[in-house]
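Colleague:
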Amino acid sequence: MAPTARTTPPRAQAQLARPFATLGEIAERLAGADAPNDVIPGILELTRETLAARECVVWLLTPQGMVRAWGVGDLETPPEEIADLLATDGKPGGKLAFTKLVAGRKRLGVLLALVGRELTPDERAMFNGVGNILAPQLARSEESRQLSAEVEMRARQFDEQRKFIGKIIDSLPLGLYVIDREYRIQAWNRKRETGTQGVSREEAVGRTIFEILHRQPAELLRREFDDVFATGRIQQFQTESTASGDLRTYRISKIPMRIGDSAVTHVITIGEDVTEWKEAQERISQAEKLAAIGQLAAGVMHEINNPLATIAACAESLGLRLDDLRGAGVTVPPEGDEYLKLIDNEVHRCKKIVDGLLDFSRPKPVTHEPVDVNAVIEQTLFLLKHHARFKRLNIITEYDPELGRPVRGNTEQLIQVFMALLLNAMDAMGERGTITIKTRRGGSRAEAAVAEVSDEGHGIARSELPKIFEPFYTTKAPGRGTGLGLSICYGIVAEHGGRIEVDSAPGKGSTFRVILPAGDGEGM
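Note that the numbering used here has the sequence shown beginning at 60, numbered continuously upward.
In structure tokens, the structure reads:
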């Protein structure tokens with residue numbers, strides 16, 4: 060009797076084929092997905108339905124332990140149970156279906172299904188197949204996530220570093236900007252925003268430097284930048300500006316910048332206000348020159364004192380002779396005694412001037428007392444009234460009657476200062492003109508008294524103004540001046556704690572301003 064052929068019922072064949080159909084559908088879903096993570100929930104749901112499981116979950120291994128990444132269903136399994144499964148090397152039984160997710164040698168996590176029964180061999184094969192399909196996708200996804208996190212962290216660090224560098228540049232007490240080879244501004248720091256032109260960063264960046272610095276000649280700027288681009292050398296120069304109201308001096312530096320090892324790609328321009336530094340340098344230079352005057356005076360004092368002593372002796376003899384003539388009944392001109400007294404006073408003043416020169420090299424105590432600046436100027440004018448050229452000038456005095464004695468000083472030294480200023484004013488105007496002398500109270504203890512001597516002379520060129528207080532510098536014709544007067548005045552006023560200022564322009568005359576501080580104990 061021939062054996063009877065056994066056949067599988069259609070329903071059973073469908074049940075056997077379903078796990079493998081599910082596996083094929085899962086593979087297709089992953090293959091057609093732009094982002095595998097987006098289809099994982101659907102894959103877990105399809106797996107759960109195929110196994111009739113209450114829960115289907117992917118747990119990933121992280122530095123913080125096992126973490127549920129995706130899950131569908133009731134989600135009943137606690138993390139502790141997952142940890143136990145890993146500790147027993149994954150020996151599930153009964154209600155849990157469990158397979159490790161491994162890509163190469165890297166353990167990623169586990170795929171778990173809560174089924175409450177033993178899986179059939181086909182179901183077990185499908186379940187393991189789902190794990191094998193998901194593992195490499197999860198590995199790539201994790202690598203992509205880590206890469207994204209790394210990129211995000213690097214970008215955050217770069218942004219923080221950029222902001223930090225920007226803060227440093229904005230905190231510099233310098234105006235700074237950077238241009239590229241197209242002369243377009245690539246950086247513009249806060250000091251440039253708050254400068255005299257007040258151009259905001261948003262307005263400046265991206266535009267050409269010629270559009271922003273339109274007050275400066277474009278061709279000159281272009282030549283300066285082109286020279287740095289071509290030679291790679293740093294350029295430095297000083298410039299002056301009155302844009303802020305006061306005359307300020309700036310040091311401009313143009314610095315080449317290279318990106319990589321190529322030619323110069325950018326130019327960094329730095330503007331630094333060096334007005335105070337320049338003034339300090341000038342004061343140091345002036346002090347050195349004044350010390351040289353003292354050394355010179357020490358060498359010639361003896362030669363000067365000898366003729367002065369002779370003049371004094373002759374004046375004294377003439378005075379005795381005039382007395383003898385009067386005793387003999389001879390009529391003596393009344394101005395004779397006045398002239399002899401004037402000669403004697405001037406001889407003694409010359410001696411004090413020589414002693415004052417010596418003070419630059421060997422300072423010695425000078426008596427200071429409350430000084431009436433108005434009275435000092437009047438004494439100076441009295442001494443000059445006998446000067447033939449001075450008599451032809453028109454002298455206007457405008458004294459502040461409230462000035463009083465706010466300063467302490469040496470009367471003889473201050474007479475020397477105003478004498479030099481008035482003689483210079485006379486020389487600047489020639490035979491005719493007006494000299495105006497004004498005094499006023501200052502607005503602070505540092506400027507307690509202000510005296511101005513103004514003339515209508517030829518004025519002083521701007522290029523010569525920084526030099527006029529230098530020893531031996533003079534614009535007068537040979538034989539008309541030694542160039543010592545203003546430098547000595549500078550030293551005397553500085554010794555009093557004050558300063559001399561000058562306003563002048565060619566053809567418009569000059570005004571010398573002596574500013575003296577209040578002395579100790581003197582009120583304002």
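For each residue, glycine too, the CB sits at the ideal point set by N, CA and C.
Since the model is a prediction, treat every value here as computed from it, not as a measurement.
What does the alpha-carbon distance come out to for the pair T493 and F284?
Modeller: Distance between the alpha carbons of T493 and F284: 50 Å.
Colleague: Are the CB atoms of I268 and Y242 nearer to each other than 8 Å?
Modeller: yes
Colleague: With DSSP as the reference, label T324 as helix, strand or coil.
Modeller: coil
Colleague: Mark D486 as exposed unless 16 or more other C-beta atoms lie within 10 angstroms of its C-beta, in which case mark it buried.
Modeller: buried
Colleague: If you follow the alpha helix (DSSP H) that L482 is in, where does it begin and where does it stop?
Modeller: 470-488
Colleague: Between the stretch 331-338 and the stretch 370-388, do at least 3 Cβ pairs fall closer than 8 Å?
Modeller: With a cut-off of 8 Å, the stretch 370-388 and the stretch 331-338 do not count as touching, because too few Cβ pairs lie within range.
Colleague: Could you check if L384 is buried or exposed, using at least 16 other CB atoms within 10 Å of its CB as the buried criterion?
Modeller: So L384 ends up on the exposed side.
Colleague: I'd like to confirm the pairing. Which residues does DSSP put opposite R558 in its beta bridges?
Modeller: I574
Colleague: Given this structure, state the Cα-to-Cα distance separating D143 from I224, to the nearest angstrom.
Modeller: 52 Å
Colleague: Using the beta-carbon count (16 or more within 10 Å), is G568 buried or exposed?
Modeller: buried
Colleague: Could you spell out the range, first to last residue, of the alpha helix (DSSP H) harbouring T439?
Modeller: It spans 432-443 - the alpha helix (DSSP H) in which T439 sits, taken as one unbroken run.
Colleague: Examine the Cβ distances between the stretch 457-469 and the stretch 564-578 and report whether three or more of them are shorter than 8 Å.
Modeller: yes
Colleague: Beta-carbon separation of I85 and W129 under 8 Å?
Modeller: no
Colleague: If you reduce the DSSP assignment to three classes, tell me which class S376 lands in.
Modeller: helix
Colleague: Helix or strand or just coil, what does DSSP make of Q123?
Modeller: coil
Colleague: What does the Cβ neighbour count give for I141, buried or exposed, with the cut at 16 atoms within 10 Å?
Modeller: buried
Colleague: Using the C-alpha atoms, what's the distance from I454 back to F441?
Modeller: 12 Å
Colleague: In or out: H445 buried (at least 16 other Cβ within 10 Å) or exposed?
Modeller: exposed
Colleague: Can you give me the C-alpha to C-alpha distance between E299 and H555, rounded to a whole angstrom?
Modeller: 30 Å
Colleague: Apart from the five residues just before and just after R292, which ones in its own chain have a Cβ nearer than 8 Å to its Cβ?
Modeller: Closer than 8 Å at the Cβ level, and outside the excluded window around R292, lie D286, P315.
Colleague: Is the beta carbon of V116 closer than 8 Å to that of L134?
Modeller: yes
Colleague: Can you look up I293 in the DSSP assignment and give me helix, strand or coil?
Modeller: coil
Colleague: Who are the Cβ neighbours of I527 in its own chain at under 6 Å, not counting the five residues just before and after it?
Modeller: L545
Colleague: If we ignore side chains and look at the alpha-carbon of each, how far apart do P429 and A479 end up?
Modeller: 22 Å
Colleague: Classify A194: buried if its beta carbon has 16 or more other beta carbons within 10 angstroms, exposed otherwise.
Modeller: If you draw a 10 Å sphere on the C-beta of A194, you find 16 or more other C-beta atoms in it, and that means buried.
Colleague: Judging by CA-CA distance, which residue of G91, I228, F288, R307 is the nearest neighbour of V323?
Modeller: F288
Colleague: Looking only at its own chain, which residues have a Cβ that is under 6 Å from the Cβ of R588, when we skip the five neighbours before and after it?
Modeller: This structure does not reach residue 588, given that the chain is present from 60 up to 583, and the question cannot be answered.
Colleague: Across which residues does DSSP place Y309 in a beta bridge pair?
Modeller: T298, D332
Colleague: Could you tell me the boundaries of the alpha helix (DSSP H) in which F528 lies?
Modeller: Counting along the chain, F528 falls outside any alpha helix (DSSP H), and DSSP gives it neither H nor E.
Colleague: DSSP three-state label for L75, please.
Modeller: In this predicted model, L75 has a pLDDT of only 48, less than 50, meaning its place in the structure is not dependable enough to derive any value.
Colleague: Taking the beta carbon of M212 as the centre, do at least 16 other beta carbons fall within 10 Å, making it buried, or is it exposed?
Modeller: exposed
Colleague: Is A263 buried or exposed, if buried means 16 or more other CB atoms sit within 10 Å of its CB?
Modeller: buried
Colleague: Classify A564 as helix, strand or coil using the three-state DSSP reduction.
Modeller: Secondary structure at A564: coil, using DSSP grouped into helix, strand and coil.
Colleague: May I have the straight-line CA-CA distance separating G566 from H517, to the nearest angstrom?
Modeller: 5 Å
Colleague: Could you tell me which residues DSSP pairs with N453 in its beta bridges?
Modeller: T493
Colleague: Can you give me the C-alpha to C-alpha distance between R164 and Q216, rounded to a whole angstrom?
Modeller: Approximately 32 Å between the Cα atoms of the pair.
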